[in-house]
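**Q** A single structure is presented below for examination.
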Amino acid sequence: MMRTIDSITDWQTLRKSPIFENKSVGFVPTMGALHEGHGSLLRRSRQAHDISVLSIFVNPTQFNDPNDLLHYPRDLKRDLDIAKACGTDFVFLPKAEEIYLDKFRFNIIETELANRLCGTHRPGHFIGVLSVVMKLFNLIRPHKSYFGEKDYQQYLLVKGMVDAFFMNLEIVCCPTIRAEDGLALSSRNALLSAEERQKSRLFPYHLRSANKLEQIRQELENVGFSVDYLEEFEGRRLGAVRIGKVRLIDNVKI
Ligand code: AMP
425 MMRTIDSITD WQTLRKSPIF ENKSVGFVPT MGALHEGHGS LLRRSRQAHD
475 ISVLSIFVNP TQFNDPNDLL HYPRDLKRDL DIAKACGTDF VFLPKAEEIY
525 LDKFRFNIIE TELANRLCGT HRPGHFIGVL SVVMKLFNLI RPHKSYFGEK
575 DYQQYLLVKG MVDAFFMNLE IVCCPTIRAE DGLALSSRNA LLSAEERQKS
625 RLFPYHLRSA NKLEQIRQEL ENVGFSVDYL EEFEGRRLGA VRIGKVRLID
675 NVKI
């Protein structure tokens with residue numbers, strides 16, 4: 425039986441209970457609107473651990489754009505069906521007031537990578553991400569936590585934080601799950617119009633091409649994308665583009 429817990433004190437009581445004694449715990453943090461990308465992480469966690477925990481929390485502190493937060497897709501009923509189908513044991517649904525009892529006075533700042541790539545275009549974004557991930561790790565106390573390669577910069581920063589603070593868990597990076605036409609699955613894809621969705625396949629298509637970055641930027645702009653950045657970093661090519669009101673990110677190994 426899958427259980428949902430929406431109070432932090434209830435979770436803490438449960439986490440100390442005999443249910444967790446000598447059990448290995450896998451954890452998948454998400455913002456909900458689950459898709460097959462999240463599903464792949466949940467199944468990995470299920471397979472590798474006695475207890476598999478999912479969190480769904482649309483973290484306000486990582487949204488630099490209030491409109492993005494307002495329109496972020498939410499569908500809890502469907503999320504719970506997917507979580508159940510992936511064999512999840514516990515779904516943690518904390519409230520922002522409880523997560524940020526300190527009113528975000530305390531936060532985690534990385535001073536180099538967090539200011540590059542997505543960080544340049546989303547000021548403060550990774551402060552919100554790292555802070556909430558630290559809080560969730562301290563609450564869930566997992567042995568391993570599963571992250572998607574799709575958000576590669578996020579993975580690097582979370583892994584870096586865990587190493588820097590000698591945190592006692594392992595971060596596992598899982599491959600990007602894509603739609604048939606190559607577009608990386610993302611909760612925000614649900615916000616694309618039919619025409620925008622059709623066009624979006626060109627983003628991964630050009631990202632993978634043998635062309636130089638400047639040419640790729642031109643190709644993308646020619647078909648109506650606005651390019652936040654395209655960069656090569658540590659053997660990968662990473663990019664973020666905007667189409668209509670939606671921002672897409674992706675990265676490929678070079
Ligand atoms: P989000 O709900 O967008 O915060 O994502 C939660 C986790 O799912 C993060 O570790 C993401 O990297 C991962 N994720 C999102 N989309 C995909 C995808 N298409 N393939 C693999 N993992 C993904």
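Going by the working numbering, the final residue of the sequence shown carries number 678, and the count climbs one at a time with no gaps. Cβ atoms here follow ideal geometry from the backbone N, Cα and C, with glycine treated the same way.
Among Lys568, Asn562, Gly543, which residue has its Cα nearest to the Cα of Leu662?
**A** The residue with the shortest Cα to Cα distance from Leu662 is Gly543.
**Q** Please say whether Val553 and Leu581 have beta carbons closer to each other than 8 Å?
**A** Against a cut-off of 8 Å, the Cβ pair of Val553 and Leu581 comes out as a contact.
**Q** Put Glu638 into one of helix, strand or coil per three-state DSSP.
**A** Of the three classes helix, strand and coil, the one that applies to Glu638 here is helix, per DSSP.
**Q** Exposed or buried, Met425, counting other C-beta atoms within 10 Å across all chains shown (16 or more means buried)?
**A** Classification for Met425: exposed.
**Q** Alpha carbon to alpha carbon, how far is Lys440 from Ser469?
**A** Going by the C-alpha atoms only, they are around 20 Å apart.
**Q** I'd like to know if the stretch 482 to 490 and the stretch 625 to 634 are in contact, where contact means that at least 3 CB-CB pairs between them fall below 8 Å.
**A** Counting Cβ pairs under 8 Å, fewer than three are found: no touch.
**Q** DSSP on Asp434, reduced to helix/strand/coil?
**A** Helix at Asp434.
**Q** Ala614 by DSSP, collapsed to three states: which one?
**A** In this structure, Ala614 counts as helix in the three-state DSSP scheme.
**Q** Would you check if the distance between the CB atom of Val670 and the CB atom of Arg660 is smaller than 8 Å?
**A** No.
**Q** Go through the stretch 540 to 610 residue by residue and report every complete run of the beta strand (DSSP E) that reaches 3 residues or more, in order.
**A** Listed in chain order, they are 568 to 572, 594 to 598.
**Q** Between Ala664, Glu658, Glu645, Asn646, which has its C-alpha nearest Asp652's C-alpha?
**A** Out of Ala664, Glu658, Glu645, Asn646, Ala664 has the C-alpha closest to the C-alpha of Asp652.
**Q** Pick helix, strand or coil for Phe444, following the three-state DSSP scheme.
**A** Helix.
**Q** Kindly list the residues whose CB is nearer than 8 Å to the CB of Lys508, restricted to its own chain and excluding five residues on each side of it in sequence; keep chain order.
**A** Taken in chain order, the residues that qualify are Met426.
**Q** Among residues of its own chain, excluding the 5 on either side of Arg625, which ones have a beta-carbon nearer than 6 Å to its beta-carbon?
**A** Only Asp605, Gly606, Leu607 meet the Cβ criterion.
**Q** Using CA atoms only, rank isn't needed, just tell me which of Gly572, Ile506, Glu521 is closest to Leu458.
**A** Leu458 has its Cα closest to that of Ile506, out of Gly572, Ile506, Glu521.
**Q** When the Cα atoms are used, what is the spatial distance from Val596 to Arg540?
**A** So the alpha carbons of these two residues sit roughly 23 Å apart.
**Q** Assign Glu658 to one of three DSSP states: helix, strand, or coil.
**A** The answer is coil: DSSP assigns Glu658 none of H, G, I, E or B.
**Q** Does ligand 3 have even one heavy atom less than 7 Å from the beta-carbon of Phe571?
**A** This structure does not include ligand 3; its bound ligands are ligand 1.
**Q** For Leu672, collect the residues of the same chain with a Cβ closer than 6 Å to its Cβ; drop the 5 residues on either side in sequence, then sort them by chain order.
**A** Once the five neighbours on either side are set aside, the close Cβ partners of Leu672 are Phe627, Val665.
**Q** Return the residue from the list Asp499, Asp526, Tyr524 that minimises the CA-CA distance to Arg612.
**A** Arg612 has its Cα closest to that of Asp499, out of Asp499, Asp526, Tyr524.
**Q** CA-CA distance, Leu478 and Ser569?
**A** Between Leu478 and Ser569, the C-alpha separation is close to 10 Å.
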